[in-house]
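Student:
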Amino acid sequence: LTAEVGSQVVLDQVLAVGEGDSVVVGSPRVQGATVQATVVAHGRHDKVRIFKHRRRKHYAKSQGHRQNYTELNIVEIKK
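Just so you know, the sequence shown maps onto residues 1065 to 1143 in our numbering.
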């Protein structure tokens, strides 16, 4: 997300809402459901190494990937 750390974010594309035994699953989203959250931090996950090779062909390819993420603290869930 492009929000600043400490700011409030409203997520309106909610896939499922549940409380106790009652669970509402949207198709594809739950109508009228919103989630209010606070941005805690931005960061990058640990590096994942991808290594491909073909036996007996003198072929080896190495690649790395680090995924960006945004850490959220959920404040309120509205149905």
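From the three backbone atoms N, C-alpha and C, an ideal C-beta is built for every residue, glycine too.
For residue 1097, which residues does DSSP report across the bridge?
Tutor: In DSSP, residue 1097 forms no bridge with anything.
Student: With residue 1101 and residue 1088 assumed to form a contact (beta carbons below 8 Å), what rounded beta-carbon distance in angstroms separates them?
Tutor: Contact doesn't hold; Cβ gap of about 19 Å is too wide.
Student: Report the rounded CA-to-CA distance for residue 1092 versus residue 1085, giving the unit in angstroms.
Tutor: 21 Å
Student: Give the straight-line distance between the Cα atoms of residue 1106 and residue 1138, rounded to the nearest whole angstrom.
Tutor: 15 Å
Student: Which one or two residues does DSSP pair with residue 1073 in a beta bridge?
Tutor: 1101
Student: Taking DSSP's pairing of strands, which residues face residue 1127 in a bridge?
Tutor: BP columns for residue 1127 point to 1114.
Student: What are the boundary residues of the beta strand (DSSP E) that includes residue 1143?
Tutor: Element bounds for residue 1143: n/a, residue is neither H nor E.
Student: Does DSSP classify residue 1066 as helix, strand or coil?
Tutor: Assigned with DSSP and collapsed to three states, residue 1066 falls in coil, not helix or strand.
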